[in-house]
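Chemist:
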Amino acid sequence: MQLTNRSKNVVNKKMSFWERIYLPAVLAGMWTTIKHFFRKKNALNYPEVKRPFAPVYRGWHVLKRDAQGRENCTACGLCAVACPAEAITMEAAERKKGEENLYREEKYAAVYEINMLRCIFCGLCEEACPKEAIFLTDRIVPADYVRQNFIFGKDLLVEGVEPEKRVDVTVRQKHLTEKKAVELAS
Ligand code: SF4
Ligand code: SF4
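The sequence shown begins at 475 in the working numbering and counts up by one.
1. Looking only at its own chain, which residues have a Cβ that is under 6 Å from the Cβ of Ile625, when we skip the five neighbours before and after it?
2. If I'm right that Ala583 touches Ala559 with Cβ under 8 Å, what's the distance once you round it to whole angstroms?
3. Go to Met564, then tell me how far its beta strand (DSSP E) extends in each direction, as first and last residue.
4. Can you give the beta carbon distance from Arg544 to Leu576, rounded, assuming they're within the 8 Å contact cut?
5. With respect to 6 Å, is the separation between the Cβ of Leu548 and the closest non-hydrogen atom of ligand 2 below this value?
6. Quickly, what does DSSP pair Leu610 with across the bridge? List them, please.
7. How would you call Ala561, buried or exposed, if buried means at least 16 neighbouring beta carbons within 10 angstroms?
8. For Ile608, count the other beta carbons within 10 Å of its own beta carbon; 16 or more makes it buried, fewer makes it exposed. Which is it?
9. When you measure from the CB of Cys603 to every non-hydrogen atom of ligand 2, does any distance come out below 6 Å?
10. Within the same chain, show all residues whose beta-carbon is closer than 7 Å to that of Arg578, passing over the 5 residues directly before and after it, in chain order.
11. If you count every other CB in all the chains shown that lies within 10 Å of the CB of Val530, and 16 or more means buried, which is it?
12. Just verifying my parser: in three-state terms, what is the DSSP assignment at Glu600?
13. May I ask you to report which of helix, strand or coil DSSP gives Phe626?
14. According to DSSP, is Val632 helix, strand or coil?
15. Tell me whether Leu598 counts as near ligand 1, meaning its Cβ is closer than 6 Å to at least one heavy atom of that ligand.
16. Following the continuous beta strand (DSSP E) through Glu587, name the residue where it begins and the one where it ends.
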């Protein structure tokens, strides 16, 4: 019984002269290869050339600073509570006199760690943050052989003070604002 009409009966017929010398088949194959030389390439020369990421892409987190270079995070813990993977841990500390240029508010995260092996990049931490302190970016978490190296502390999460070390999250911010507006409207 035939299940589809795509089956073909195999015929064990004798090969013709042209089939036996394989030359037409080889030339046909080469013609197909040559045609592809002149077609527009779909592949990119990664990693030299990279495709732009979609604004919905969620990768390596950044802890943002404000315009004066002070850390935005106040160690409120809302991101850790929202995290379904329990990937975020932190230790809060009180800002001391003279540290106003380092931390925006009276409380800050002395320790802030994300376990990138636990993280599922859901983005709930950035949605929960009331201070616009944490964002997911289009940076890819690098591969590593040592599990401990996937515990990202403040050294890998907080952006640099210098303008060239700032991480641009405007596309992500815009996307989150639009998402919130859609949620409120529905
Ligand atoms: S992206 Fe999701 S899983 Fe990862 S730290 Fe944030 S809330 Fe947790
Ligand atoms: S990142 Fe945001 S939500 Fe998380 S502790 Fe800091 S201020 Fe709170």
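Each residue gets a CB set at the ideal place from its N, CA and C atoms; glycine is no exception.
Modeler: Looking at the atomic coordinates:
1. The sequence position of residue 625 within the sequence shown is 151, counting from 1. Leaving aside the five residues that flank Ile625 on each side, the residues in its chain whose CB is nearer than 6 Å to its CB run, in chain order, Glu587, Asn589.
2. Along the sequence shown, read from residue 1 onward, the residue named residue 583 stands at position 109. Along the sequence shown, read from residue 1 onward, the residue named residue 559 stands at position 85. Taking 8 Å as the upper bound for CB-CB distance, Ala583 and Ala559 are not in contact here, some 19 Å apart.
3. Numbered from 1 along the sequence shown, position 90 holds the residue referred to as residue 564. Met564: member of the beta strand (DSSP E) spanning 562-568, first to last residue.
4. In the sequence shown, residue 544 corresponds to position 70, counting from 1. In the sequence shown, residue 576 corresponds to position 102, counting from 1. With 8 Å as the limit, Arg544 and Leu576 qualify as a contact, their Cβ atoms being about 6 Å apart.
5. Here residue 548 refers to the residue found at position 74 when the sequence shown is read from its first residue. It is worth fixing the name first, because residue 548 is Thr in this sequence and not Leu. A distance criterion of 6 Å places the beta-carbon of Thr548 in contact range of ligand 2, judged by its closest non-hydrogen atom.
6. Here residue 610 corresponds to residue number 136 of the sequence shown, with the count starting at 1. Looking at the DSSP assignment, Leu610 forms a beta bridge with His535.
7. Position 87 of the sequence shown, counted from the start, is the residue given in the question as residue 561. Ala561 comes out buried.
8. Mapped onto the sequence shown, residue 608 falls at position 134. Buried: at least 16 other Cβ atoms inside 10 Å.
9. As a position in the sequence shown, residue 603 is number 129, starting the count at 1. It does: the Cβ of Cys603 is within 6 Å (strictly closer) of some heavy atom of ligand 2.
10. Counting from 1 along the sequence shown, the entry for residue 578 is found at position 104. Excluding residues within five positions, the ones whose Cβ falls inside 7 Å are Asp540, Arg544, Glu545, Asn546.
11. Locating residue 530 in the sequence shown gives position 56, where the first residue counts as 1. Burial call: exposed.
12. For the purposes of this step, residue 600 is taken as the residue at position 126 of the sequence shown. In the structure shown, Glu600 falls within a helical segment according to DSSP collapsed to helix, strand and coil.
13. The residue you call residue 626 lines up with position 152 of the sequence shown. The answer is strand: DSSP assigns Phe626 an E or B state.
14. Reading the sequence shown from its first residue, position 158 is the one you call residue 632. Val632 falls in the strand class under three-state DSSP.
15. Start at 1 with the first residue of the sequence shown, and residue 598 comes out as number 124. Remark: the C-beta of Leu598 is in contact range of ligand 1, defined as less than 6 Å to any heavy atom.
16. Residue 587 sits at position 113 when you count from the first residue of the sequence shown. Where Glu587 is concerned, the enclosing beta strand (DSSP E) stretches over 581-589.
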